[in-house]
Structure formats: structure tokens, C-alpha cells
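Residue numbers (the numbering used here): 32 to 126.
Using N, Cα and C, we set each Cβ at its ideal position, and we do this for glycine too.
Right, dumping it as C-alpha cells:
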């Protein structure tokens, strides 16, 4: 399939790409190349290849919803520039 300049101009308008008339031929050639890649895909023999599972065909795996404190207080506080007991120490910003 080969695009003509009118179709290329319409595609550019729908994509809201402002093209000068001098640029249309270059863009048409590039779009023809992209369509050529799609034509190559139609030539691939997929006989006997099962379809891939999409997200709509497979249920999501979910973990059990359990509330925990993380048990990593020391690791979190190790990054604090200042700490006061088990808390971050920050400067007072409101009088």
C-alpha cells in the first residue's frame, strides 16, 4: 500500500502536525516505510503458535492485604540527618 500526498496531508492534520508542502513528500516516504513493516508482519507464519495471554484474559495475582509496620524502623532512621528517639528531628517552621 502506498500513500498519496492527499492522504499524507490528512494524516498530518489528524495528528495535528503542521507540515509545509515541501515536507509532505519526505513524510509520505517515511509513512510508506512504516506501512511496509506492517506488511512484512503479515508474511510471518504463525501457524501453530498459541496467542499470547493479554491482561483481559488473565486474572491479576494479588497478595493478601495485611497491615504491618514494616519492621524496618532502624533502617529508615539511618538516613535521617537528625533524630530524636524513634522520630525524625526537623527544625521548627511555624511560630
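Please go through the same chain and pick out, in chain order, the residues whose beta-carbon is closer than 7 Å to the beta-carbon of residue i, but skip the five residues on each side of it.
i, result
"residue 59", "34, 36, 39"
"residue 55", "36, 39, 40"
"residue 53", "none"
Considering only their Cβ atoms, is the gap separating residue j from residue i smaller than 8 Å?
i, j, result
"residue 114", "residue 120", "yes"
"residue 48", "residue 62", "no"
Just the C-alpha distance for residue i and residue j, rounded to the nearest angstrom, thanks.
i, j, result
"residue 20", "residue 50", "Nothing about residue 20 can be reported from this structure: the residues present for the chain run from 32 to 126 only."
"residue 83", "residue 77", "12 Å"
Less than 6 Å between C-beta atoms, sequence neighbours within five positions excluded: which residues of the same chain meet that for residue i?
i, result
"residue 111", "119"
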